[in-house]
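In this note's numbering, the protein residues as written are 4 to 373.
What follows is a single structure, written as structure tokens, with notes after it.
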Ligand SMILES: [Mg+2]
């Protein structure tokens with residue numbers, strides 16, 4: 004029998020990593036109950052293989068203070084995988100196992116996720132497939148997207164939300180966690196009158212409230228018709244989230260962006276902490292961690308949305324059976340030459356280039372180098 008045409012393509016072999024740190028301006032700044040973000044500290048990775056295929060990915064370290072250490076951690080992982088066969092999920096597991104005693108959360112978890120995403124990107128590029136298609140999607144899925152707004156005052160948010168609706172968004176998200184409920188009511192009314200009744204309005208206080216205060220406000224949010232309440236209390240307080248969800252069942256509670264790995268998502272599901280989940284591609288462990296989390300959410304019947312990383316999340320959600328919505332907040336846009344998802348009529352579509360399709364704008368990367 005002739006097996007000639009049935010042989011699998013050979014593995015790529017990891018050569019080395021090129022890691023760069025940039026502080027990208029966030030313009031206009033992103034306002035939150037935890038203060039404004041004027042800069043997005045990003046670590047950019049080019050994973051080079053012996054075969055000439057390069058895998059690319061990026062992560063967001065929130066604080067410039069964490070940027071250098073995360074970049075250094077990622078760079079230090081390079082020699083540990085040089086010469087290895089590039090089997091994305093298997094290589095990620097092997098690498099993580101070497102840090103079992105240290106633990107794989109925090110900055111190390113971010114560095115590991117960065118590599119995982121670059122492994123998958125390289126594998127998809129070698130197969131000449133968009134990542135979504137490598138993961139089994141058709142690639143032309145339309146993923147409902149909402150505009151994550153940056154403003155804080157009623158006036159700014161009315162203007163910004165009006166622009167989002169004019170651009171085709173059918174849902175917007177506001178940062179909440181104002182000192183008083185009255186202030187939030189004013190902001191909500193301004194946005195409602197700017198977007199009209201057909202637009203879903205989601206709110207995110209970024210962990211601002213105690214459990215009793217969250218429950219008190221949640222009753223009002225439900226009366227106003229808020230679409231979901233995101234992280235009302237401290238992210239790690241699963242029981243507190245569950246209490247809020249139980250106390251106000253007509254208001255969906257959303258969380259998940261601060262859960263580490265599929266294990267974190269499993270813990271949230273076990274605690275019935277929320278009726279919706281939105282893992283962060285970086286904190287959940289890259290593509291490998293995302294797909295494990297997606298299986299857990301699907302089996303539990305919990306709709307899954309994304310957090311940041313629109314270029315990557317569009318591919319992941321396209322391949323997620325229980326997908327809900329993509330958070331549209333394009334922090335990396337100033338340093339990208341390609342890779343942005345398509346957007347039309349309220350939905351995003353993953354890019355059709357190979358892998359995530361990310362290409363750096365080298366001039367911008369040099370300009371914003373940390
Ligand atoms: Mg959030």
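Here a beta-carbon is modelled for each residue, glycine too, at the ideal position from N, C-alpha and C.
Next item on the list: Within its chain, find whatever has a CB closer than 8 Å to the CB of residue 32; leave out the 5 residues flanking it on each side and keep chain order.
Entry: 39, 40, 41 and 153
Notebook entry, point to check: Are three or more beta carbon pairs between the segment 301-310 and the segment 323-342 nearer than 8 Å?
Noted result: yes
Notebook entry, point to check: For residue 277, which option in 298, 267, 241 and 284 has the closest C-alpha, if you only look at C-alpha atoms?
Noted result: 241
Checklist line | Bounding residues of the alpha helix (DSSP H) (the contiguous stretch that carries residue 96) | finding: 91-100
Notebook entry, point to check: What do you reckon, is the C-beta of residue 333 under 7 Å from a heavy atom of ligand 1?
Noted result: Result no, Cβ not under 7 Å from ligand 1.
Margin query: What ranges does the beta strand (DSSP E) occupy inside the segment 298-362, keeping only unbroken runs of at least 3 residues that lie completely in it?
Written below: 329-331, 339-341, 345-347 and 350-352
Next item on the list: Check the DSSP bridge columns for residue 183 and list the partner residues they point to.
Entry: Residue 183 pairs with nothing; no bridge assigned.
Next item on the list: Tell me where the alpha helix (DSSP H) around residue 420 begins and ends.
Entry: Examination of residue 420 is not possible in this model, given that the chain is present from 4 through 373 alone.
Next item on the list: State the Cα-Cα distance for the pair residue 203 and residue 79, rounded to the nearest angstrom.
Entry: 44 Å
Note to self: Strictly by DSSP, which residues pair up with residue 26?
What the structure shows: 44
Checklist line | Of the residues 149, 287, 217 and 71, the one placed nearest residue 235, counting alpha carbons only | finding: 217
Check: Cβ of residue 268 within 8 Å of Cβ of residue 290?
Finding: no
Next item on the list: Give a yes or no on contact between the segment 155-166 and the segment 183-196, applying the rule of three or more CB pairs nearer than 8 Å.
Entry: yes
Notebook entry, point to check: Between the beta-carbon of residue 50 and the beta-carbon of residue 122, is there less than 8 Å?
Noted result: yes
Check: From residue 359 to residue 207, what distance separates their C-alpha atoms?
Finding: 28 Å
Next item on the list: For residue 88, write down the residues that DSSP places opposite it in a beta bridge.
Entry: Residue pairing of residue 88 in beta bridges, as defined by DSSP: 16.
Item checked: Test item: CB-CB of residue 43 and residue 63 under 8 Å -> yes
Checklist line | Three or more C-beta pairs below 8 Å linking the segment 85-101 and the segment 139-153 | finding: no
Check: Under three-state DSSP, which class holds residue 60?
Finding: strand
Next item on the list: Take the Cβ of residue 178 as the centre, count every other Cβ of all protein chains shown within 10 Å, and call the residue buried at 16 or more, exposed below.
Entry: Per the 10 Å Cβ criterion, buried.
Check: Given a threshold of 16 other Cβ atoms within 10 Å of its Cβ, counted over all protein chains shown, does residue 23 qualify as buried or as exposed?
Finding: Residue 23 sits buried, since 16 or more C-beta atoms from the chains shown fall within 10 Å of its C-beta.
Next item on the list: For the beta strand (DSSP E) holding residue 258, just list the boundary residues, first then last.
Entry: Segment 256-258, the beta strand (DSSP E) holding residue 258.
Checklist line | Same chain, Cβ closer than 6 Å to residue 2, neighbours up to 5 away in sequence not counted | finding: What is shown of the chain runs 4 to 373, which leaves residue 2 out entirely.
Check: What are the boundary residues of the beta strand (DSSP E) that residue 177 is part of?
Finding: 174-178
Next item on the list: Given a cut-off of 8 Å, decide if residue 239 and residue 264 are closer than it, judged by their beta-carbon atoms.
Entry: no
Notebook entry, point to check: Start and end of the beta strand (DSSP E) containing residue 151?
Noted result: 146-151
Check: Between 256, 275, 211 and 244, which lies nearest to residue 225 when the distance is taken from Cα to Cα?
Finding: 256
Note to self: Distance check for residue 14 and residue 4, CA to CA, integer angstroms please.
What the structure shows: Any answer about residue 4 is weak, because its pLDDT of 48 lies below 50 and its placement is not dependable; what the coordinates show is given next. If you take the alpha carbons of residue 4 and residue 14, they lie about 24 Å apart.
Notebook entry, point to check: Near residue 356, which residues of its chain fall below 6 Å by C-beta distance, leaving aside the five closest residues on each side in sequence?
Noted result: Within the same chain, and ignoring the five residues on either side of residue 356 in sequence, no residue has its Cβ closer than 6 Å to its Cβ.
Notebook entry, point to check: Who are the Cβ neighbours of residue 69 in its own chain at under 8 Å, not counting the five residues just before and after it?
Noted result: 44 and 110
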